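Undergrad: Here it is: the structure, laid out below.
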Amino acid sequence: MNHRKIRFSDLIADIGAKILIAALVAIVTITALLIAGCRYVYQNVKENTSLQCERNAKISAQEFNRYLIVGNHTTALVGYTIDNMLAEGRTTVEILNYMTDETKSIQSFVDNGFTGIYGWVNDRYLDGDGWVPNDDYVPTERPWYIETMENKGEGLSYIKPYVDAQTNTVMMTIAKKLRDGESVIALDISLSGIKDITDKIASSAKGAQGIVFDNSGSIVAHSDYNKTDYKFMEDDCELGKLIYNKILSGGSGRFEIVYDNDTYLIYAEELECGWYCVSAINTHDLFRGLRIFAFVAFFAILIIITIITLIFLDISKSNLITKEQNAQLASVSQIYISMYDVNLEKDTYQEICCNAERISEVVGPTGDHAQETLYNAMNLLTDKSCLDEVHEFINMSTLDDRMKNQDTITEEHLNNVGKWCRGRFIAGERGADDKLKRVLWVVEPIDTEKRQRDKLLLLSETDRMTDIFNRSAGENKIRKLMREGVGGMLMLLDVDKFKSINDNFGHDIGDKVIVAIAESMKKTFRSRDIVFRLGGDEFAAYAVGVTSQEEGRPIIERFFEKIKNIKIDALGDTKVLVSVGVAFYYNSEMITFEELYKRADECTYKSKKHEGNYVSFYEIKRKES
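Spelled out as structure tokens, the structure:
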């Protein structure tokens, strides 16, 4: 007997809840401790890494600000001095000489990263380094002049990095607008020193990056040289864009970004010039060891759980299967009225279950003479109308032939209280020659199922408007009778001028005519006859056993009389008339239903040529001998 799949809940019931609960608590505790430990290590590593990011960014920002301080002070001092010289009316030559002296001083004693002081003063371009621009060089159209003039404040202006026309290198410019509102002096600083700052950030930890953004979002310097586009100064790296957008939305400080499935710890520090120094560390490599440890630990726990589960299953398997089989037998006993194991060779039986007291009294739990006992029980418990079929079914001498190629056979019958039951034989054991040795005899109640099934069958066979058989059901029943050799009369009819009735009186009245004709047919033909609607205004009937005009004509005349008595007030004086065609089926004839239908249809066509309520009979043409 099959048993359902063993579940973990069955193990709990069989092994004991206390043992399993203790094991589960231990497993959960170990898992929780492992998770807590991993989380603690993760948080510590993350916090230390974040602090390192912050330290890198702040130290780098200090170095960058120190890098700019000389340029800031020089530009501010030169601007202040030239403002005074202009106020004193000094000549352009004197101002240029001053700018030249200051340039030499810067280059000699301060830093060779400065290219010199230059500017637009008194409507002339002055260059302290002595550089003479090309003819197409227009100082007032250069970024250093335009952006400084756009700066409404009196402080220094930091110009977006660009390629210097004099040195052909990437420079940043510190500029100042003079008090006359037209003059601008500027100082260029090489950005090579900033690259050193970002490189220090990158070398501080594995996966670290150093980035410097200007106030437009362009990358001024990057620890990965390939990520800095010195031509356009724009970041083509999606990570850089994510970082700068985060800075724009939240300003400087600590934050995280997920990019390309990796998490980056970021710290951004604002510089004095309005730019940002960023330290970023990819945590993928930092947490790799922790992830491997967690994976191995969890995998080990899963193995332990699996081993414990297999042990539990092995210990309780036999016991659970036995319980399962007992439960199944108990369930089966609720489904069936009775179940008996019958030994065909010894003609003995044994009760498996019995839920009917009357059967238990007649049959008993065990006994000999199984065939005789079964006959006696079914005689008492079966409706008389079904006894012959039941006797034939329970005849055990024919079971071997009937079950040669199948393991179960069934029959349905009414019991002695008018309820439908299903009897069933199930092959239990066969011999070497495939001959049955044992069978199960079971009886189950199917009254609700049977009546529901019959109801659905009736609905599928019934024409909804007229409550008689539909075409499919009617034709199938006639075909079955013809296969069984049952002769009869096939009558076809349709309503004369039915279209006129619909057109003149409406379809509702036409439907009433259809229903009235169906009622007339039901009153004319017997209950064993087959009455059905073909569709539209066409009907048919098969009168069982009527095989001659002498028998059939009175039936047709009786039907015509019913038609004449149809009363529908809306029709007034209009009469309902039909044309009928009849053909007979003789069991001696070898014809199909289609041929029989064709004969009756031809006769209907002939009747159409006559006054209403006319019948034509098909005459078989016999060959002359």
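Under the numbering used here, the letters of the sequence shown match residues 20 to 644, in that order.
Just so it is clear, CB atoms sit at the ideal spot from N, CA and C, and this is done for glycine as well.
None of these values were measured; they are calculated from a predicted model.
Where DSSP assigns a beta bridge to Lys646, which residues make up the other side?
TA: There is no way to answer for residue 646, as the model of the chain reaches only from 20 to 644.
Undergrad: Tell me, which residues are paired with Trp439 by DSSP?
TA: Leu433
Undergrad: Just list the beta strand (DSSP E) runs in the segment 442-526, keeping only unbroken ones of 3 residues or longer that don't cross its boundaries, in chain order.
TA: 455-464 and 507-514
Undergrad: Are Asp387 and Thr401 closer than 8 Å when you measure CB to CB?
TA: no
Undergrad: If Trp163 and Ala205 are in contact, beta carbons under 8 Å, what's the gap, nearest whole angstrom?
TA: 5 Å
Undergrad: Note down, in chain order, each residue of its chain lying with its Cβ closer than 8 Å to the Cβ of Lys628, except the 5 sequence neighbours on either side.
TA: Nothing listed; no residue qualifies.
Undergrad: Please look up how many angstroms separate the CB atoms of Ile216 and Phe83, rounded, as I've assumed it's under 8 Å.
TA: Here Ile216 really is in contact with Phe83; their C-beta atoms are around 6 Å apart, less than 8 Å.
Undergrad: Can at least three beta-carbon pairs, one atom from the segment 217-224 and one from the segment 63-77, be found at a separation below 8 Å?
TA: yes
Undergrad: List in chain order: all unbroken alpha helix (DSSP H) runs of 4+ residues lying wholly within the segment 110-180.
TA: 111-128 and 162-169
Undergrad: Hey, which unbroken runs of the alpha helix (DSSP H) at 4 residues or more fall wholly within the segment 282-317?
TA: 302-305
Undergrad: Use the C-beta contact count for Phe314: other C-beta atoms within 10 angstroms, 16 or more gives buried, fewer gives exposed.
TA: exposed
Undergrad: Which value, in whole angstroms, describes the spacing of the CA atoms of Lys438 and Glu391?
TA: Each residue's Cα considered, the two are about 24 Å apart.
Undergrad: Identify every residue that forms a DSSP beta bridge with Ser209.
TA: Met190
Undergrad: Measuring alpha carbon to alpha carbon, tell me which of Thr429, Ile324, Asp452 and Ala492 ends up nearest Val461.
TA: Thr429
Undergrad: Just to confirm the assignment, what range does the alpha helix (DSSP H) spanning Val381 have?
TA: Glu376 to Val382
Undergrad: Quick one: Cα of Leu363 to Cα of Leu455, how far?
TA: 7 Å
Undergrad: What residues in its chain sit with their C-beta under 8 Å from that of Thr427, if we drop five residues either side in the sequence?
TA: Arg443, Phe444, Ile445 and Ala446
Undergrad: Based on DSSP bridge pairs, tell me the residues matched to Ser357.
TA: Cys373 and Val462
Undergrad: Go to Gln425, then tell me how far its alpha helix (DSSP H) extends in each direction, as first and last residue.
TA: Segment: none, Gln425 is in no alpha helix (DSSP H) and carries neither H nor E.
Undergrad: Threshold first: 3 residues or longer. Then list the beta strand (DSSP E) segments lying entirely within the segment 557-630, N to C.
TA: 557-563 and 597-604
Undergrad: Which residue marks the beginning of the beta strand (DSSP E) containing Thr385, and which one marks its end?
TA: Thr385 to Asp387
Undergrad: Could you check what DSSP says for Glu275 in three-state terms: helix, strand or coil?
TA: Look at Glu275 here: in three-state DSSP terms it is strand.
Undergrad: For Lys423 and Pro464, what's the separation of their Cα atoms in angstroms?
TA: 26 Å
Undergrad: Could you tell me how far apart the beta carbons of Gly600 and Leu511 are, in whole angstroms, since I believe they sit closer than 8 Å?
TA: 5 Å
Undergrad: Can you name the residues that DSSP bridges to Ile230?
TA: His241 and Val297
Undergrad: Determine the contact status of Tyr605 and Arg618, defining contact as a CB-CB distance below 8 Å.
TA: no
Undergrad: CA-CA distance, Ile639 and Ile497?
TA: 20 Å
Undergrad: Run through DSSP, which three-state label would Leu553 get?
TA: strand
Undergrad: Give me the Cα-Cα distance between His92 and Gln62, rounded to the nearest whole angstrom.
TA: 44 Å
Undergrad: I'd like the span of the alpha helix (DSSP H) that includes Tyr263, first residue to last.
TA: Glu257 to Gly269
Undergrad: Per DSSP, what are the beta-bridge partners of Thr61 in this structure?
TA: According to the sequence as given, residue 61 is Tyr; it is not Thr. Tyr61 is not bridged to any residue.
Undergrad: Give me the Cα-Cα distance between Tyr144 and Ile88, rounded to the nearest whole angstrom.
TA: 25 Å
Undergrad: Whether or not the segment 517-524 and the segment 562-577 are in contact is what I'm after, with contact meaning three or more pairs of Cβ atoms, one per stretch, closer than 8 Å; do they touch?
TA: no
Undergrad: When the Cα of Arg148 is compared with those of Gly138, Val157, Gly98 and Tyr156, which residue comes out closest?
TA: The identity of residue 148 in the sequence shown is Asp, whereas the question assumes Arg. Closest option to Asp148, Cα to Cα, is Gly138.
Undergrad: Just to confirm, is the Cβ distance from Val436 to Thr485 under 8 Å?
TA: Contact check for Val436 against Thr485 fails: the beta carbons are separated by 8 Å or more.
Undergrad: Do Val458 and Val361 have their beta-carbon atoms positioned less than 8 Å apart in this structure?
TA: It is a contact, given that the beta carbons lie within the stated cut-off.
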